[in-house]
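K.L.:
Structure provided below as structure tokens; questions to follow.
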Amino acid sequence: RTLDIPIVQSEKIIHSLDFLAGKRPASAPSSIVIIGGGDTAMDTARVAKRIYGKSKIQIICREKEENMPASKKEIKEAAEEGVNIRCSAQPTEIVSRAQYLEVGFSEVENRLENNKLQLIPTNHYFAEQADCVLIAAGTKAELPFSIEKDIQDKVFIAGDALTGPSSVVQAMASSKAAVQ
Numbered sequence: 482r483t484l485d486i487p488i489v490q491s492e493k494i495i496h497s498l499d500f501l502a503g504k505r506p507a508s509a510p511s512s513i514v515i516i517g518g519g520d521t522a523m524d525t526a527r528v529a530k531r532i533y534g535k536s537k538i539q540i541i542c543r544e545k546e547e548n549m550p551a552s553k554k555e556i557k558e559a560a561e562e563g564v565n566i567r568c569s570a571q572p573t574e575i576v577s578r579a580q581y582l583e584v585g586f587s588e589v590e591n592r593l594e595n596n597k598l599q600l601i602p603t604n605h606y607f608a609e610q611a612d613c614v615l616i617a618a619g620t621k622a623e624l625p626f627s628i629e630k631d632i633q634d635k636v637f638i639a640g641d642a643l644t645g646p647s648s649v650v651q652a653m654a655s656s657k658a659a660v661q
């Protein structure tokens, strides 16, 4: 999935799964902004830090740290490796400037209503400059069929395709349950 914001077309904007699979910016970036707060964002940041050690690597996500979908262990390890994590900020646009990309953000308040996280925009805006933007938000399995309409006997759906993003252990448990 993509972000539902204005985004300039640029080879310097890369989806995190493509980055993890080996797609890289043409030249080594001095600053990278990663949009997202899940385990994919943490993995992307840690890989970027290992590849571009001296580069400024920053994760920016909508949730408060305690509400981030990433595991606490992943968050801690990313921070220990020198990744900066800024929470409670929602992207508003990605534009191209002369030598860099600029990512606009709106700070948000996080509220829990009816057991669902609600993001309340504030009037506080800021922008981050980056040589590369990696999008790790909204990662979701894209199935070539409809679960509700096309599922037939002896077809099993499990893991992220069924529940959305989760851990490998959860996906394996879901697969085991599906075939039992």
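By my numbering, the letter at position 50 of the sequence shown is numbered 531, and the numbering carries on one by one without gaps.
Where is the CB? At the ideal position from N, CA and C, for every residue including glycine.
Quick one: grab the DSSP three-state call for leucine 582.
P.N.:
Leucine 582: strand per DSSP, three-state reduction.
K.L.:
Would you give the residue range spanned by the beta strand (DSSP E) that glutamate 567 belongs to?
P.N.:
It is worth fixing the name first, because residue 567 is arginine in this sequence and not glutamate. Residues 565-567.
K.L.:
I need the DSSP call for isoleucine 495, collapsed to helix, strand or coil.
P.N.:
Three-state DSSP puts isoleucine 495 in a strand.
K.L.:
Could you check whether the stretch 601-621 touches the stretch 483-500, counting it as contact only if at least three pairs of C-beta atoms, one from each stretch, sit closer than 8 Å?
P.N.:
As far as the Cβ criterion goes, the stretch 601-621 touches the stretch 483-500, which means the pair count is three or higher.
K.L.:
From what residue to what residue does the alpha helix (DSSP H) around glutamate 561 run?
P.N.:
Unbroken alpha helix (DSSP H) run through glutamate 561: 553-561.
K.L.:
Can you list, in chain order, the residues of its chain whose CB lies under 8 Å from that of histidine 605, leaving out five sequence neighbours each side?
P.N.:
The answer, listed in chain order, is Ser587 and Glu588.
K.L.:
Whole angstroms are fine: how far does the CA of leucine 600 sit from the CA of glutamine 539?
P.N.:
One C-alpha to the other measures close to 21 Å.
K.L.:
For asparagine 565, which of Lys504, Glu574 and Glu555 has the nearest alpha-carbon?
P.N.:
Among Lys504, Glu574 and Glu555, the Cα nearest to that of asparagine 565 is on Glu555.
K.L.:
Reducing DSSP to helix, strand and coil, say where leucine 501 ends up.
P.N.:
Correct three-state label for leucine 501: helix.
K.L.:
Any idea what DSSP makes of lysine 545, helix, strand or coil?
P.N.:
Coil at lysine 545, not helix or strand.
K.L.:
Output the distance between the C-alpha atoms of asparagine 595 and glutamate 546, rounded to the nearest integer angstrom.
P.N.:
Cα to Cα, the separation comes out at about 20 Å.
K.L.:
CA-CA distance, alanine 526 and alanine 559?
P.N.:
So the two alpha carbons sit approximately 7 Å from each other.
K.L.:
Please report how far the alpha carbon of glutamate 590 lies from the alpha carbon of methionine 653, in whole angstroms.
P.N.:
If I take the Cα positions, the gap works out to 35 Å.
K.L.:
Could you tell me how far apart the beta carbons of proline 550 and glycine 519 are, in whole angstroms, since I believe they sit closer than 8 Å?
P.N.:
Between glycine 519 and proline 550 the Cβ distance is about 4 Å, and since that is below 8 Å, they are a contact.
K.L.:
What is the residue span of the beta strand (DSSP E) that lysine 597 lies within?
P.N.:
Lysine 597 -> beta strand (DSSP E) spans 597-611.
K.L.:
Give the straight-line distance between the Cα atoms of arginine 505 and leucine 498, rounded to the nearest whole angstrom.
P.N.:
Roughly 11 Å separates the two Cα atoms.
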